[in-house]
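Asks: So that we are looking at the same thing, I have put the structure below in structure tokens.
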Amino acid sequence: MPELPEVEALRRRIEDGALHRTIARVRPGNDTAHIEVPDAAGRKRLEGRQFSRATRHGKYLFAGSDGGPWLALHMGMAGSVRLYDDGDAQPDYARLIVEFEGDRRLAFRDPRKFGWARVIDAPEDEIAARDLGPDALAIDAETFAQRIGQSRGAVKSALMAQEKLAGVGNLWADETLYQTGTHPETRGTDLGDGKLSDLHTAMRRILTGVCDTNATYSDLPDAWLIHRRETGRACSRCDGTLTSEKVGGRTSYFCPSHQERAA
DNA sequence: ACATCTGTTACGGC
DNA sequence: AGCCGTAACAGATG
Numbered sequence: 561m562p563e564l565p566e567v568e569a570l571r572r573r574i575e576d577g578a579l580h581r582t583i584a585r586v587r588p589g590n591d592t593a594h595i596e597v598p599d600a601a602g603r604k605r606l607e608g609r610q611f612s613r614a615t616r617h618g619k620y621l622f623a624g625s626d627g628g629p630w631l632a633l634h635m636g637m638a639g640s641v642r643l644y645d646d647g648d649a650q651p652d653y654a655r656l657i658v659e660f661e662g663d664r665r666l667a668f669r670d671p672r673k674f675g676w677a678r679v680i681d682a683p684e685d686e687i688a689a690r691d692l693g694p695d696a697l698a699i700d701a702e703t704f705a706q707r708i709g710q711s712r713g714a715v716k717s718a719l720m721a722q723e724k725l726a727g728v729g730n731l732w733a734d735e736t737l738y739q740t741g742t743h744p745e746t747r748g749t750d751l752g753d754g755k756l757s758d759l760h761t762a763m764r765r766i767l768t769g770v771c772d773t774n775a776t777y778s779d780l781p782d783a784w785l786i787h788r789r790e791t792g793r794a795c796s797r798c799d800g801t802l803t804s805e806k807v808g809g810r811t812s813y814f815c816p817s818h819q820e821r822a823a
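Number 594 in our numbering belongs to position 34 of the first sequence; there are no gaps in the numbering.
Structure follows, in structure tokens:
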């Protein structure tokens, strides 16, 4: 699930259903031995407060309590948040549960345990500690061109490097490269100004587009790569055939016909 | 049984 | 000193 648009959808979920309700109790969920969730002291800091805002930086999600600490969440490979009511079944793989006064509950769930939840003083601290770059929807064209264009490795790896810009992962990096006709292994330093500008524009359009659907992929245009991430499928932009290859350790789908290596 | 997976980090090499 | 590439992390799923 969780690259920038998917995390944005979760942020909205919190914004729509978990703000301005008094937190009665925060408790660990199931099987938390190998996952970082707040200890009793951290959980206590949230009790009695209300979340007043939900923010996001790249793939990191933050729920801020009024005058108090923030709940910071990272979804890892498969995490999510879910709202439900007491009386409903507790969601599977719930690792942390926020119980509001009344029936409302917020669960942080993480089947694969690559995510975490922590109570922090301010999002800026977490962003600085992880050395995250600007959010991918906030980075300007010039900074983008500089950061990606100076990268000596594969452009795909650069797009996914959270210190350069935060929020792009495997799926939307592939989509950006596909829609701009860029081979994933092109070196950043081989990209011309025009291509860097195109990449920035396409990345923005793609991330914004996915956010607009609330990360519902079936609502995205048929021509997008997201619907054809499979070797042997027909390219929607030329007469090529899609193929896959490991780039930066991640499976990368692309069209060898129209995704060129050079600028 | 075996491979795969939408992320991050520690570590080794250059 | 940095930058880059890879392996490892844990567990569900097909």
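Cβ coordinates follow ideal geometry from the N, Cα and C atoms, glycine included.
Can you tell me which residues form a DSSP beta bridge with Glu659?
Replies: Paired residues: Arg585 and Arg665.
Asks: Write down the C-beta distance between Ala623 and Ala578 rounded to the nearest angstrom, noting that I regard them as a contact closer than 8 Å.
Replies: 7 Å between Cβ atoms; contact.
Asks: To test your reading of the DSSP string, which unbroken beta strand (DSSP E) runs of 3 or more residues are found completely within the segment 644-727?
Replies: Qualifying beta strand (DSSP E) stretches, in chain order: 654-660, 664-669 and 676-680.
Asks: May I ask you to list the residues that DSSP assigns as paired with Leu621?
Replies: Bridge partners of Leu621: Arg616 and Leu633.
Asks: Quick check: what's the CA-CA separation for Gly799 versus Thr703?
Replies: Note on residue identity: the sequence assigns Asp, not Gly, to residue 799. About 35 Å.
Asks: Comparing C-alpha positions only, which one of Ser812, Thr768 and Val770 sits nearest to Arg788?
Replies: Closest option to Arg788, Cα to Cα, is Ser812.
Asks: Could you pull the start and end residues of the alpha helix (DSSP H) that Ser757 belongs to?
Replies: That run of the alpha helix (DSSP H) goes Asp753 to Asp772.
Asks: Please confirm whether Arg573 and Glu659 have their CB atoms less than 8 Å apart.
Replies: No; because the gap between Cβ atoms is not below 8 Å, this pair is not in contact.
Asks: Once the 5 residues before and after Asp781 are set aside, which same chain residues still bring their CB inside 7 Å of it?
Replies: One point to set straight first is that residue 781 is Pro, not Asp, in the sequence displayed. Same-chain partners within the cutoff: there are none.
Asks: If you compare alpha carbons, which of Leu737, Arg603, Thr740 and Val715 is closest to Thr749?
Replies: Checking every option, the nearest Cα to that of Thr749 belongs to Val715.
Asks: Are the CB atoms of Asp695 and His760 nearer to each other than 8 Å?
Replies: Not closer than 8 Å, so no.
Asks: Would Asn590 be called buried (16 or more neighbouring beta carbons within 10 Å of its own) or exposed?
Replies: Exposed, by the Cβ-count rule.
Asks: Report the rounded CA-to-CA distance for Pro651 versus Met635, giving the unit in angstroms.
Replies: Cα to Cα, the separation comes out at about 15 Å.
Asks: Between Gly602 and Val679, which are expected to be in contact by the criterion C-beta below 8 Å, what is the C-beta distance as a whole number of angstroms?
Replies: Going by Cβ atoms, the distance from Gly602 to Val679 rounds to 4 Å, so yes, they are a contact pair.
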